[in-house]
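**Student:** Pasting in a structure now, in structure tokens, and then I'll have a few things to ask.
There are 2 protein chains.
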Amino acid sequence: MSKKEDPKIVLAGAGLAGALLATMLGQKGYRVELYEKRPDPRTGQGGPGRSINLALSTRGLHALERAGIAADILKSAIAMPGRMIHGLDSSLTYQPYSKNPDEYINSVSRAQLNIDLINAAEKQENVTLHFNQRCIDADLDAPAADFVDGDTGETHRVAGDLLIGADGAFSAVRGRMQRTDLFDYRQDYLEHGYKELTIPPSEDGGFRIEKNALHIWPRRSYMMIALPNADGSFTCTLFWPLKGPISFDALKTKEDVTRFFKEHFPDAVPQIPDLEDAYFANPTSSLVTVRCGPWNHGGKTVLVGDSAHAIVPFYGQGINAGFEDCEIFMDCVEESAPDWETVFSTYYRRRKKHTDTLARLAIANFKEMRDHVGSPKFLRKKKRERLLHTWFPKWYVPLYSMVTFSRIPYADAVRRARNQELKVQSAGWAIATLFAVVLTIFVVSMI
Amino acid sequence: MSKKEDPKIVLAGAGLAGALLATMLGQKGYRVELYEKRPDPRTGQGGPGRSINLALSTRGLHALERAGIAADILKSAIAMPGRMIHGLDSSLTYQPYSKNPDEYINSVSRAQLNIDLINAAEKQENVTLHFNQRCIDADLDAPAADFVDGDTGETHRVAGDLLIGADGAFSAVRGRMQRTDLFDYRQDYLEHGYKELTIPPSEDGGFRIEKNALHIWPRRSYMMIALPNADGSFTCTLFWPLKGPISFDALKTKEDVTRFFKEHFPDAVPQIPDLEDAYFANPTSSLVTVRCGPWNHGGKTVLVGDSAHAIVPFYGQGINAGFEDCEIFMDCVEESAPDWETVFSTYYRRRKKHTDTLARLAIANFKEMRDHVGSPKFLRKKKRERLLHTWFPKWYVPLYSMVTFSRIPYADAVRRARNQELKVQSAGWAIATLFAVVLTIFVVSMI
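Chains A and B, in that order, give the protein sequences.
Those letters in the first sequence? Residues 6 to 452, by this note's numbering.
Those letters in the second sequence? Residues 6 to 452, by this note's numbering.
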């Protein structure tokens with residue numbers, strides 16, 4: 006337990022979760038040294054990072070509001086109140102995400118969101134930013150982190166009173182924890198990888214396909230999705246097996262690519278003019294789920310965001326969960342600082358089972374999006390959920406709505422959804438029984 | 006795919022699996038450079054390693070026979086044909102492991118077994134041993150491994166045509182694989198750790214408790230076991246939670262230790278004269294399960310033994326599975342060398358699901374040993390299994406027997422055990438139904 010009233014906090018990683026947490030800590034008067042491996046993204050040198058856009062929803066927005074920056078960030082967001090399903094026959098089917106028209110997810114640019122968050126962090130006088138500093142190792146007890154300076158190539162050690170690892174799915178801070186006794190760790194890759202492609206704006210600067218929707222081309226064992234960008238373009242992401250007879254690995258020539266897309270995504274082909282060149286120019290990336298624990302090393306070092314729980318992107322919750330981490334973390338700071346061991350361990354205990362649940366949900370939703378989403382059965386199920394939610398708004402809330410449009414902790418949402426389904430089934434049986442009894446009485450009274 | 010007919014094989018780790026595999030490869034004429042982090046154990050400098058004794062059974066013995074060294078190793082082994090259960094009231098209950106008296110497990114000394122295997126490896130003229138060389142990293146593509154020389158402290162790189170990582174549960178070779186794309190990895194610690202204690206030989210050099218048994222003191226949430234050694238001593242291992250109100254962490258003084266042991270292991274206390282001193286002198290160690298995949302990096306680097314699948318010790322199968330790896334590996338070498346990519350990937354495919362199954366069995370058996378083993382219900386179940394096995398020896402084989410006394414692959418054994426149970430249940434229902442029908446006919450005929 007640190008007794009220091011003004012601890013020096015070393016925070017590795019000024020990605021989305023790291024920059025937000027630095028802002029929140031700065032707002033509470035804490036001194037934060039924030040280190041980021043990439044160059045300052047505001048100078049235009051930084052790459053776009055892992056993916057180009059994100060779906061920001063209730064949990065993430067609530068955290069941004071707490072930091073007072075939600076309104077600014079929403080200015081350039083594009084509302085997506087539903088899914089647009091693209092059939093093999095080029096048919097379009099629209100599915101609203103909620104019965105409630107003011108419940109929608111927001112397509113935001115990762116790069117712009119990161120810049121906004123870095124600006125917010127920099128505004129805090131206690132927060133100092135250091136770019137081009139890649140964290141490569143840590144001393145968990147000191148605590149201290151080792152950074153390689155991108156300009157000089159030299160490694161230097163930065164010590165502090167507390168070390169926060171927000172250094173992403175391949176975290177060096179977590180890498181060090183992993184070599185300590187009793188640290189549970191798990192990384193699981195999907196057989197599917199992804200590749201990004203772009204639908205440019207139309208010639209008049211408008212949107213070539215429906216602006217206010219998350220587009221899905223579900224093809225059972227794989228899919229493509231597209232999210233709108235503020236400039237009129239869409240970022241398409243093809244999720245496909247990495248290896249095997251029908252996979253990224255199997256498309257060798259431009260002709261292969263053209264044939265594959267014309268066969269499986271016929272209506273998308275005319276919208277992606279540089280399809281073949283982009284296909285080979287853009288990287289194919291893998292998809293990993295990381296689970297670990299405990300997230301803290303005593304009261305000295307702690308993990309937040311993807312470094313603690315990287316997930317696959319299919320529930321659109323990665324960044325929302327990362328921002329929610331920051332809120333829960335700040336709750337624990339407000340409750341227990343400067344007893345940092347209690348702060349860190351309470352944060353871990355409150356959060357762990359919910360991010361584990363989210364990891365499972367995210368993997369399961371891939372199957373739903375690529376396979377079920379296009380089926381009549383799925384459409385009936387969604388319709389039934391909306392009807393029940395409309396008739397019994399307090400009593401029945403679809404799981405997707407609880408995850409996306411509420412702050413009910415993930416594991417609690419899953420439990421509630423299961424109970425709801427059991428009740429609906431019981432009610433169904435009760436109605437059927439009642440009907441049978443009434444019918445019997447009617448028949449008997451007729452004889 | 007290497008086309009080389011005489012590849013140079015760098016093998017990191019001359020522990021049990023590494024030394025056996027080097028021997029087998031040497032016997033087939035392959036050139037092996039075998040590196041071991043510890044000093045030569047034959048000089049008496051090396052520590053005993055992770056635990057002092059092991060339970061060698063059918064799978065392990067079969068592999069040792071293939072290398073022609075089983076008979077030598079069995080000379081100093083002590084047969085354990087059953088479990089001796091020590092009750093809280095100091096009562097003793099003996100449970101044979103098999104209906105068949107020549108099916109037993111063998112208590113062997115890890116240190117002596119390792120020396121025997123190193124001697125066997127050294128006898129192969131193509132195998133060269135290098136001690137005091139700790140593997141700290143690897144280049145998976147070269148392939149090559151980096152070793153720290155224990156005498157000079159200097160690091161040097163050893164390149165070869167093939168690299169085999171047999172460097173144990175905390176493998177540096179696997180550590181490098183883990184940082185490659187698409188490598189699945191998982192380490193899970195138990196809440197329980199372990200501590201070893203010793204029951205010395207009696208004054209006349211005999212065994213203070215039953216020699217030919219694996220002793221268990223089952224105490225529901227924890228347990229102690231003891232295995233006999235050739236010198237008349239027993240190695241006791243206490244498996245207990247690491248933290249919490251009733252845990253290793255909670256015993257602070259010698260008085261605490263005495264009180265705890267007298268209360269929970271009353272008949273063991275007089276047999277462990279240095280109990281209190283040994284308790285504080287001996288380390289408390291953790292128990293980890295490691296699962297990963299793929300075990301090979303193309304046709305260049307591959308893992309065997311604990312580096313590929315470290316398990317907890319409760320099924321007595323760790324070393325048996327490691328030796329079985331060597332056999333399956335050599336099968337693949339004989340089938341496909343010098344197409345090493347096929348050798349390695351076939352070995353991985355054949356083996357992975359079985360070692361995953363074993364990892365689950367080993368964790369599940371902890372619960373069985375510490376909790377169920379002492380219960381009347383468990384005794385009835387074991388008795389029923391033995392009876393069924395006696396009546397239908399071809400048709401019904403208990404899972405423990407298939408795992409321990411056969412070479413049926415682990416996952417196949419579990420599937421077969423499940424089918425057997427279903428058939429027993431069906432037969433039970435069929436008999437009950439038949440009985441009911443006969444009874445009904447009898448009653449009706451009486452009216």
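Even glycine gets a Cβ: it sits at the ideal position worked out from N, Cα and C.
Please list the residues of the segment 162-192 of chain A that have a C-beta atom closer than 9 Å to any C-beta atom in chain B, keeping them in chain order.
**Tutor:** Listed by position along the chain: F175, G180, Q183, R184, D186, L187, F188, D189, Y190, R191 and Q192.
**Student:** Can you list, in chain order, the stretches of the alpha helix (DSSP H) that have 4 or more residues and sit fully within the segment 255-292 of chain A?
**Tutor:** Complete alpha helix (DSSP H) runs here, min 4: 259-269 and 280-286.
**Student:** When we look at the beta-carbon of E208 (chain A) and count the other beta-carbons within 10 Å, is it buried (16 or more) or exposed?
**Tutor:** Exposed, by the Cβ-count rule.
**Student:** Among the candidates B:L25, B:D11 and B:A143, whose CA atom is the shortest distance from the CA of Q183 (chain B)?
**Tutor:** The candidate whose alpha carbon is nearest that of Q183 (chain B) is B:A143.
**Student:** Please report the straight-line C-alpha distance between G20 (chain A) and G298 (chain A), rounded to a whole angstrom.
**Tutor:** Approximately 21 Å between the Cα atoms of the pair.
**Student:** Do you know how far the Cα of R420 (chain A) is from the Cα of N119 (chain A)?
**Tutor:** If you take the alpha carbons of N119 (chain A) and R420 (chain A), they lie about 34 Å apart.
**Student:** Does chain B have any CB closer than 8 Å to the CB of S81 (chain A)?
**Tutor:** Cβ-Cβ to chain B under 8 Å: no for S81 (chain A).
**Student:** Measure the alpha-carbon distance for T306 (chain B) versus W300 (chain A) and round it to whole angstroms.
**Tutor:** Going from the Cα of T306 (chain B) to the Cα of W300 (chain A) covers about 32 Å.
**Student:** Pick out whichever of B:A418, B:E426 and B:A364 has its Cα sitting closest to the Cα of K386 (chain B).
**Tutor:** Selected option, being the one with the closest Cα: B:E426.
**Student:** What separation, rounded to the nearest whole angstrom, lies between the Cα atoms of S7 (chain B) and T347 (chain B)?
**Tutor:** At S7 (chain B) the pLDDT is 39, less than 50, meaning the model places this residue with poor confidence; the figure from the coordinates comes in the next sentence. Rounded to whole angstroms, S7 (chain B) to T347 (chain B) spans 10 Å at the Cα level.
**Student:** If you pair each beta-carbon of the segment 213-220 of chain A with each one of the segment 362-370 of chain A, do three or more pairs fall below 8 Å?
**Tutor:** The answer is no - the segment 362-370 of chain A does not touch the segment 213-220 of chain A, with fewer than three Cβ pairs under 8 Å.
**Student:** Do you know whose CA, among A:D156, A:A22 and A:L392, lies nearest I401 (chain A)'s CA?
**Tutor:** The residue you asked about is not Ile; residue 401 (chain A) is Tyr in the sequence shown. Checked all of A:D156, A:A22 and A:L392; the closest Cα to Y401 (chain A) is A:L392.
**Student:** What is the C-beta distance between S312 (chain A) and G173 (chain A), in whole angstroms, given that I count them as a contact (C-beta under 8 Å)?
**Tutor:** About 6 Å separates the two Cβ atoms, so the contact holds.
**Student:** Tell me whether the beta-carbon of L79 (chain B) lies closer than 8 Å to the beta-carbon of N325 (chain B).
**Tutor:** The answer is no: Cβ separation not under 8 Å.
**Student:** CB K42 (chain A) to CB R139 (chain A), shorter than 8 Å?
**Tutor:** In this structure, R139 (chain A) lies closer than 8 Å to K42 (chain A) by Cβ.
**Student:** So, G5 (chain B) versus A22 (chain B), is the Cβ gap smaller than 8 Å?
**Tutor:** The requested residue 5 (chain B) is not part of the displayed model; chain B covers only 6 to 452.
**Student:** Do V262 (chain A) and Y227 (chain A) have their CB atoms nearer than 8 Å?
**Tutor:** It is not a contact, given that the beta carbons lie outside the stated cut-off.
**Student:** Straight-line CA distance for D282 (chain A) to T258 (chain A)?
**Tutor:** D282 (chain A) and T258 (chain A): Cα-Cα distance of roughly 10 Å.
**Student:** Between F253 (chain A) and Q32 (chain B), what straight-line distance do the alpha-carbon atoms span, to the nearest angstrom?
**Tutor:** Straight-line Cα distance between these residues: approximately 43 Å.
**Student:** Going along chain A in order, which residues have a C-beta closer than 8 Å to the C-beta of S291 (chain B)?
**Tutor:** Residues of chain A passing the Cβ test: D186 and L187.
**Student:** Distance check for E196 (chain A) and R181 (chain A), CA to CA, integer angstroms please.
**Tutor:** Rounded to whole angstroms, R181 (chain A) to E196 (chain A) spans 27 Å at the Cα level.
**Student:** Which one of A:G303, A:H91 and A:S81 has the shortest CA to CA distance from T185 (chain A)?
**Tutor:** Measuring from the Cα of T185 (chain A), the nearest candidate turns out to be A:G303.
**Student:** Find out if the Cβ-Cβ distance for the pair P205 (chain B), P278 (chain B) is shorter than 8 Å.
**Tutor:** Taking 8 Å as the Cβ cut-off, P205 (chain B) and P278 (chain B) qualify as a contacting pair.
**Student:** Counting only beta-carbon separations shorter than 8 Å, does V320 (chain B) have a partner in chain A?
**Tutor:** Before going further, note that residue 320 (chain B) is Tyr rather than Val in the sequence given. Closer than 8 Å: no.
**Student:** Cβ of N131 (chain B) within 8 Å of Cβ of R191 (chain B)?
**Tutor:** No. Outside cutoff.
**Student:** With 8 Å as the threshold, decide whether the Cβ of Y194 (chain A) is near any Cβ in chain B.
**Tutor:** It does: the Cβ of Y194 (chain A) has a partner Cβ on chain B nearer than 8 Å.
**Student:** Taking the alpha helix (DSSP H) that W345 (chain A) falls in, what are its first and last residues?
**Tutor:** W345 (chain A) -> alpha helix (DSSP H) spans W345 to R375.
**Student:** Quick check on the DSSP output: the alpha helix (DSSP H) that includes Q34 (chain A) runs from which residue to which?
**Tutor:** Going by the sequence as given, residue 34 (chain A) is Gly instead of Gln. Per DSSP, G34 (chain A) belongs to no alpha helix (DSSP H) and is neither H nor E.
**Student:** What residue from B:F152, B:L168 and B:S95 has the CA that sits closest to L145 (chain B)'s CA?
**Tutor:** Nearest C-alpha to L145 (chain B): B:L168.
**Student:** Taking a contact to mean a Cβ-Cβ separation below 8 Å, would you say K104 (chain A) touches H394 (chain A) in this structure?
**Tutor:** In this structure, H394 (chain A) lies closer than 8 Å to K104 (chain A) by Cβ.
**Student:** Would you decide whether H161 (chain A) is buried or exposed? Buried here means 16 or more other CB atoms lie within 10 Å of its CB.
**Tutor:** It is exposed - the Cβ of H161 (chain A) has fewer than 16 other Cβ atoms within 10 Å.
**Student:** Helix, strand or coil for F253 (chain A) per DSSP?
**Tutor:** Correct three-state label for F253 (chain A): helix.
**Student:** Which residues does DSSP list as the beta-bridge partners of F212 (chain B)?
**Tutor:** In DSSP, F212 (chain B) forms no bridge with anything.
**Student:** Is T98 (chain A) closer than 8 Å to I90 (chain A) when the C-beta atoms are compared?
**Tutor:** Contact flag set, yes.
**Student:** Please determine, among B:V442, B:M451, B:I83 and B:L69, the residue with the shortest C-alpha to C-alpha distance to S238 (chain B).
**Tutor:** Among B:V442, B:M451, B:I83 and B:L69, the Cα nearest to that of S238 (chain B) belongs to B:I83.
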